[in-house]
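Here's the structure, in structure tokens; my notes come after.
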Amino acid sequence: MARETISNPTPYMPADLAELAPDGVTQPYWDHCNQGELRIQRCKACGTFRHPPLPGCPDCGARDDEWVRSEGKGRVFSFSGVYHPVLPNVAEYVPYNVVLVQLADAGGVRIISNLLGVALGDIEIGMPVELVWERVSPDVNLPRFRPAGG
Amino acid sequence: MTIKDKTCIVGVGQTEFGHRGQFAHKSQSVQIGEALEEALEESGLDRTEIDGFSSFSMDSNDPSLLAPSLGIPNVNYAGMVFGGGGGGGCAAIANASAAILAGYAKVVMVYKIITQPPNMRFGASYGRAARSDPRSDFHRPFGLMAPGQFFSLFFRRHMHQYGTKTTHLAEVAVAQRFHATRNPRALMKTPLTIEDHQNSRIIADPFRLFDYCQENDGGAVILVTSAERAKTLKQRPVYIMATAQGGAASWGQGLTSQNAPDDIYPSSGHRHMAPRLYAMAGIEPKDVDVAELYDHFSGMVILQLEDYGLCKIGEGGSFVENGGIKWPDGNLPVNTHGGNLSEVYLLGMTHMVEAVRQLRGTSTSQVEDAEIALVTSGPSNLPSSSMLLRR
Numbered sequence: 001m002a003r004e005t006i007s008n009p010t011p012y013m014p015a016d017l018a019e020l021a022p023d024g025v026t027q028p029y030w031d032h033c034n035q036g037e038l039r040i041q042r043c044k045a046c047g048t049f050r051h052p053p054l055p056g057c058p059d060c061g062a063r064d065d066e067w068v069r070s071e072g073k074g075r076v077f078s079f080s081g082v083y084h085p086v087l088p089n090v091a092e093y094v095p096y097n098v099v100l101v102q103l104a105d106a107g108g109v110r111i112i113s114n115l116l117g118v119a120l121g122d123i124e125i126g127m128p129v130e131l132v133w134e135r136v137s138p139d140v141n142l143p144r145f146r147p148a149g150g
Numbered sequence: 001m002t003i004k005d006k007t008c009i010v011g012v013g014q015t016e017f018g019h020r021g022q023f024a025h026k027s028q029s030v031q032i033g034e035a036l037e038e039a040l041e042e043s044g045l046d047r048t049e050i051d052g053f054s055s056f057s058m059d060s061n062d063p064s065l066l067a068p069s070l071g072i073p074n075v076n077y078a079g080m081v082f083g084g085g086g087g088g089g090c091a092a093i094a095n096a097s098a099a100i101l102a103g104y105a106k107v108v109m110v111y112k113i114i115t116q117p118p119n120m121r122f123g124a125s126y127g128r129a130a131r132s133d134p135r136s137d138f139h140r141p142f143g144l145m146a147p148g149q150f151f152s153l154f155f156r157r158h159m160h161q162y163g164t165k166t167t168h169l170a171e172v173a174v175a176q177r178f179h180a181t182r183n184p185r186a187l188m189k190t191p192l193t194i195e196d197h198q199n200s201r202i203i204a205d206p207f208r209l210f211d212y213c214q215e216n217d218g219g220a221v222i223l224v225t226s227a228e229r230a231k232t233l234k235q236r237p238v239y240i241m242a243t244a245q246g247g248a249a250s251w252g253q254g255l256t257s258q259n260a261p262d263d264i265y266p267s268s269g270h271r272h273m274a275p276r277l278y279a280m281a282g283i284e285p286k287d288v289d290v291a292e293l294y295d296h297f298s299g300m301v302i303l304q305l306e307d308y309g310l311c312k313i314g315e316g317g318s319f320v321e322n323g324g325i326k327w328p329d330g331n332l333p334v335n336t337h338g339g340n341l342s343e344v345y346l347l348g349m350t351h352m353v354e355a356v357r358q359l360r361g362t363s364t365s366q367v368e369d370a371e372i373a374l375v376t377s378g379p380s381n382l383p384s385s386s387m388l389l390r391r
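Heads up: the protein sequence lines correspond to chains G and S, in order. Sequential numbering from 1 applies to the first sequence in my numbering. Sequential numbering from 1 applies to the second sequence in my numbering.
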């Protein structure tokens, strides 16, 4: 696999992909992001984390939830290098990475994101990563990640 | 009570196979009519005997228009399986079977037709959901928006956990291409080697060009009726032994959420359905003679081999090695028509048709004395489906 440059575009992906359409269930997640806090939904009754947000707990069915702050540290659970642009607006962004980050402090939930400051060929499953915020518009602040502890 | 062996597939018909957008000018109901003619002709049924309609994947051909268009006098049952993509194919057969057993209908036509709009590729479908879907907000902003990209994440994890390699992907593509070269109707018949696969361009790592299915226009009709009625028709009856549909809630939207539990993450999401399927049929995985496994992406064939117990979890890669799924000498011939990768991509309708041909003894890559066939429908978010057929 060729190692591409690590000079990523800013933002990492085009801002129009991040025109969000939250509903009542997902709005709190994005509100917290906008305030620079990664908070994961947790069931108040049984304490099970869930992501993406759902109106009830998959484990016990309870509807009361709370939003627990995560430090944003975790490990790469899986990843892909995307070479083919499926839409015209990402043509100048390929190849780009997509990573699945398993958070260390949120019951094993995974966040779909991108890893900044790393060449595609250097991404490995299990590598430690940490949260970095990328504001893509006045309303949208996206959780992205970078290699940690290195 | 189950549906086991109480209903049969008695007729199959297919449209012409077209490239993406080739039949955009043609009405879908006209194409369904063409496939139906073929199915009626080979079955010996009369069109007026059809009184049920079953489809999936948000098919837009409403029986209110279809029945009068096709000269079918009564609509006694009409059902549609939830979900897009190809997950509902076997479930549509299951619903037909249930409707017949319940006495709602006597003969059900299962149909699905796909016409790819020239201006919009399936692979971009999740990307265009901007400002319309709260669920896609969790993947689209990060550039994760095409089916192959989502599935590539599953397979990458599988490689990490089990040592599966991209040459295993190549084995799937090569075996299926070989089957396609023997099938006159297949669209991709240029012989393919492991090297050709490994040298093809990467689309979403680790998936390369030849790991992807084709994009096509066309469809098929499958006629289902009672085992009793089947006895007096023209074809050797193909018995529906068992069907399973749905999945586990913990899988749920496992494709697009990427949050299925760790133990089932690198899977096809079918793992919970398989035991139900075998239990209903009263058989074991080793009894399967031929498998037609939904292949939107080569890697998902490997994961389904594991989920259906055709090999151990984590051993799908070694199972396909050295022609392991290639007719006639492989461990188990898989996708003997060429599959979505090399025959045609009609949302899995042709996998069901091919299983019927195998059990009639008329496949172009015929498994000797094939008695039991496994068919699966597209791994994706829940619901998906599968079935076991026997001769």
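Where is the CB? At the ideal position from N, CA and C, for every residue including glycine.
Item                                                                                                                                     : Value
First and last residue of the uninterrupted beta strand (DSSP E) at glutamate 306/S                                                      : Unbroken run through glutamate 306/S is the alpha helix (DSSP H), 298 to 307; no beta strand (DSSP E).
Selection from Ser7/G, Gly72/G, Thr26/G and Ala104/G that minimises the alpha carbon distance to aspartate 133/S                         : Thr26/G
Nearest candidate by alpha-carbon position, reference histidine 179/S, set Phe122/S, Phe207/S, Glu228/S and Glu292/S                     : Glu292/S
is_contact[serine 257/S, chain G] using C-beta, thresh 7 Å                                                                               : yes
Whole-angstrom C-beta distance between leucine 38/G and glycine 61/G, which should lie under 8 Å                                         : Actually they do not touch by this definition, with Cβ atoms about 26 Å apart.
Proximal residues of chain G, C-beta to C-beta of serine 152/S below 7 Å                                                                 : Ser80
Per-residue burial, alanine 2/G [other beta carbons within 10 Å of its own, 16 or more giving buried]                                    : With a pLDDT of only 42 at alanine 2/G, under 50, the local geometry of the prediction cannot be trusted, and the value read off the model is given with reservation. Result: exposed.
Contact residues within the region 47 to 58 of chain G, judged by C-beta distance below 7 Å to chain S                                   : His51, Pro52 and Pro58
Range covered by the alpha helix (DSSP H) that runs through valine 353/S                                                                 : 349 to 360
Beta-ladder partner(s) of histidine 19/S, from DSSP                                                                                      : Asn216/S
Glycine 149/G burial status per 10 Å Cβ neighbour count (16 or more: buried)                                                             : exposed
Closest residue to aspartate 287/S among Asp369/S, Gln198/S, Lys165/S and Glu16/S (Cα-Cα distance)                                       : Asp369/S
Contacts around tyrosine 77/S, its chain only, beta-carbon distance under 6 Å, and the 5 residues preceding and following it disregarded : Gly52, Ala99, Tyr104 and Ala105
Contact residues within the region 60 to 85 of chain G, judged by C-beta distance below 8 Å to chain S                                   : Phe77, Ser78, Phe79, Ser80, Gly81, Val82, Tyr83 and His84
Spatial neighbours of glutamate 130/G in its chain, beta-carbon cut-off 7 Å, leaving aside the 5 residues before and after               : Gly72, Lys73, Phe145, Arg146 and Ala148
Burial state of serine 60/S, where buried means 16 or more other Cβ atoms lie within 10 Å                                                : exposed
Short Cβ contact (7 Å threshold) for threonine 336/S with serine 298/S                                                                   : no
Test item: CB-CB of glycine 18/S and aspartate 217/S under 7 Å                                                                           : yes
Lysine 312/S, DSSP secondary structure in three states                                                                                   : coil
Outcome for lysine 397/S when other beta-carbon atoms lying within 10 angstroms are tallied against a minimum of 16                      : As shown, chain S starts at 1 and ends at 391. That puts residue 397/S outside it, with no answer to give.
7 Å Cβ cutoff met for alanine 186/S and glycine 338/S                                                                                    : yes
Own chain, CB closer than 6 Å to tyrosine 111/S, minus 5 neighbours either side, in chain order                                          : Ile32, Ser55 and Val221
CA-to-CA distance, glycine 56/G to cysteine 46/G, given in whole angstroms                                                               : 11 Å
Rounded C-alpha distance that separates arginine 63/G from glycine 378/S                                                                 : 32 Å
Classification of leucine 284/S by the beta-carbon crowding that lies within 10 angstroms, buried from 16 upward                         : Contrary to the premise, residue 284/S reads as glutamate rather than leucine in this sequence. Result: exposed.
Continuous alpha helix (DSSP H) stretch holding threonine 256/S: start and end                                                           : 254 to 257
Where the alpha helix (DSSP H) through arginine 390/S begins and ends                                                                    : Segment 384 to 390 is the beta strand (DSSP E) holding arginine 390/S; no alpha helix (DSSP H) there.
Residue-level contact to chain S via CB, proline 138/G, 7 Å cutoff                                                                       : no
Continuous alpha helix (DSSP H) stretch holding proline 147/G: start and end                                                             : Proline 147/G -> not in any alpha helix (DSSP H); beta strand (DSSP E) instead, spanning 141 to 147.
Residue span of the beta strand (DSSP E) that contains glutamine 102/G, given as start and end                                           : 96 to 103
Proximity test, Cβ basis, 7 Å: glycine 204/S and chain G                                                                                 : Contrary to the premise, residue 204/S reads as alanine rather than glycine in this sequence. Answer yes: the Cβ-Cβ gap between alanine 204/S and chain G drops below 7 Å somewhere.
Presumed contact (8 Å Cβ cut-off) between tyrosine 83/G and isoleucine 313/S, rounded CB distance                                        : Contact flag wrong, Cβ pair sits at about 30 Å.
Beta-ladder partner(s) of cysteine 8/S, from DSSP                                                                                        : Thr225/S and Tyr239/S
Serine 152/S classed as buried or exposed, judged by whether at least 16 other C-beta atoms fall within 10 angstroms                     : buried
Extent of the continuous beta strand (DSSP E) to which arginine 110/G belongs                                                            : 110 to 113
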